[in-house]
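Trainee: The structure under discussion is supplied below as C-alpha coordinates; questions concerning it will follow.
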Amino acid sequence: YYCPSGWARFSLKVCDDTDFERTFADWGYLYHGTNSKHVGSILASGFRASHALCFCGPDDSAVYMSPSIEYSGHPRYGCIEYNPET
(Lines of atoms letter the chains of each structure in order from A and count residues from 1; the text may use other names and numbers.)
(Lines give C-alpha, C1' and ligand atoms only; values in the text may rest on other atoms or scores of the structure.)
Protein backbone atom coordinates (compact mmCIF):
# COMPACT_ATOMS: atom_id res chain seq x y z
CA TYR A 1 0.00 0.00 0.00
CA TYR A 2 1.27 3.45 -0.93
CA CYS A 3 -0.12 6.63 0.62
CA PRO A 4 1.20 9.84 -0.96
CA SER A 5 2.63 12.51 1.32
CA GLY A 6 -0.10 14.78 2.66
CA TRP A 7 -2.92 12.33 1.91
CA ALA A 8 -5.12 10.61 4.49
CA ARG A 9 -5.83 6.90 4.52
CA PHE A 10 -9.24 5.65 5.57
CA SER A 11 -9.69 1.96 6.28
CA LEU A 12 -12.73 -0.13 7.03
CA LYS A 13 -12.84 -3.18 9.26
CA VAL A 14 -14.91 -5.68 7.32
CA CYS A 15 -14.14 -8.73 9.48
CA ASP A 16 -11.58 -10.10 11.94
CA ASP A 17 -7.94 -10.02 10.77
CA THR A 18 -7.69 -13.82 10.47
CA ASP A 19 -10.88 -14.02 8.40
CA PHE A 20 -9.71 -11.11 6.27
CA GLU A 21 -6.35 -12.73 5.45
CA ARG A 22 -8.02 -16.02 4.58
CA THR A 23 -10.77 -14.45 2.45
CA PHE A 24 -8.87 -11.66 0.70
CA ALA A 25 -5.27 -12.93 0.62
CA ASP A 26 -5.06 -12.97 -3.18
CA TRP A 27 -6.90 -9.67 -3.77
CA GLY A 28 -5.10 -6.51 -4.87
CA TYR A 29 -5.61 -2.91 -3.80
CA LEU A 30 -8.12 -0.74 -5.64
CA TYR A 31 -8.73 2.96 -5.20
CA HIS A 32 -11.82 5.09 -5.74
CA GLY A 33 -11.40 8.83 -6.09
CA THR A 34 -14.20 10.96 -4.68
CA ASN A 35 -14.83 14.28 -2.98
CA SER A 36 -14.93 14.29 0.80
CA LYS A 37 -18.62 15.28 0.82
CA HIS A 38 -19.47 11.80 -0.55
CA VAL A 39 -17.47 9.73 1.96
CA GLY A 40 -20.20 9.65 4.63
CA SER A 41 -22.85 8.25 2.29
CA ILE A 42 -20.40 5.70 0.86
CA LEU A 43 -19.56 4.49 4.37
CA ALA A 44 -23.23 4.41 5.40
CA SER A 45 -24.76 2.88 2.27
CA GLY A 46 -21.94 1.59 0.09
CA PHE A 47 -21.13 2.56 -3.46
CA ARG A 48 -24.01 3.53 -5.73
CA ALA A 49 -23.38 2.20 -9.21
CA SER A 50 -23.64 4.50 -12.22
CA HIS A 51 -25.67 3.35 -15.20
CA ALA A 52 -24.92 3.40 -18.95
CA LEU A 53 -21.63 5.29 -18.70
CA CYS A 54 -18.79 5.24 -21.22
CA PHE A 55 -17.59 1.69 -20.48
CA CYS A 56 -21.02 0.26 -19.67
CA GLY A 57 -23.71 -1.01 -21.96
CA PRO A 58 -27.16 0.59 -21.86
CA ASP A 59 -28.40 -1.92 -19.27
CA ASP A 60 -25.15 -2.22 -17.27
CA SER A 61 -23.98 -0.45 -14.15
CA ALA A 62 -20.56 -0.05 -12.55
CA VAL A 63 -18.48 1.60 -9.84
CA TYR A 64 -15.18 2.80 -11.26
CA MET A 65 -12.06 1.70 -9.37
CA SER A 66 -8.39 1.77 -10.27
CA PRO A 67 -5.22 0.03 -9.12
CA SER A 68 -3.52 3.44 -9.53
CA ILE A 69 -3.75 5.87 -6.63
CA GLU A 70 -2.45 8.62 -8.91
CA TYR A 71 -5.27 8.05 -11.40
CA SER A 72 -7.91 7.95 -8.65
CA GLY A 73 -6.44 11.10 -7.14
CA HIS A 74 -6.86 13.09 -10.36
CA PRO A 75 -8.86 16.32 -9.78
CA ARG A 76 -11.63 14.98 -12.04
CA TYR A 77 -12.48 12.37 -9.39
CA GLY A 78 -11.55 14.04 -6.15
CA CYS A 79 -10.19 17.35 -4.98
CA ILE A 80 -7.52 18.33 -2.49
CA GLU A 81 -9.00 19.97 0.56
CA TYR A 82 -7.12 21.90 3.19
CA ASN A 83 -7.78 20.86 6.79
CA PRO A 84 -6.46 23.50 9.21
CA GLU A 85 -6.62 20.99 12.08
CA THR A 86 -3.78 18.90 10.66
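Mapping to the numbering used here: the sequence shown position 71 is 63, numbers consecutive.
Ideal Cβ positions, reconstructed from N, Cα and C, are used throughout, including at glycine.
#1: Report buried or exposed for residue 25, applying the criterion of at least 16 other Cβ atoms within 10 angstroms of its Cβ.
#2: Rounded C-beta distance between residue 55 and residue 36? I'm assuming under 8 Å.
#3: One question on the structure: do residue 89 and residue 65 come within less than 8 Å of each other, judged by their Cβ atoms?
#4: So residue 13 is in the alpha helix (DSSP H); what residue range does that whole segment cover?
#5: Could you tell me the alpha carbon to alpha carbon distance between residue 13 and residue 19, rounded to whole angstroms?
#6: What's the C-alpha gap between residue 32 and residue 0?
#7: Just the Cα atoms here: how many angstroms apart are residue 50 and residue 39?
Mentor: Reading off the structure:
#1: buried
#2: Not really, about 16 Å apart at Cβ, beyond 8 Å.
#3: This structure leaves residue 89 out entirely; the chain is present only between -7 and 78.
#4: 9 to 16
#5: 10 Å
#6: Rounded to whole angstroms, residue 32 and residue 0 show a C-alpha spacing of 15 Å.
#7: 19 Å
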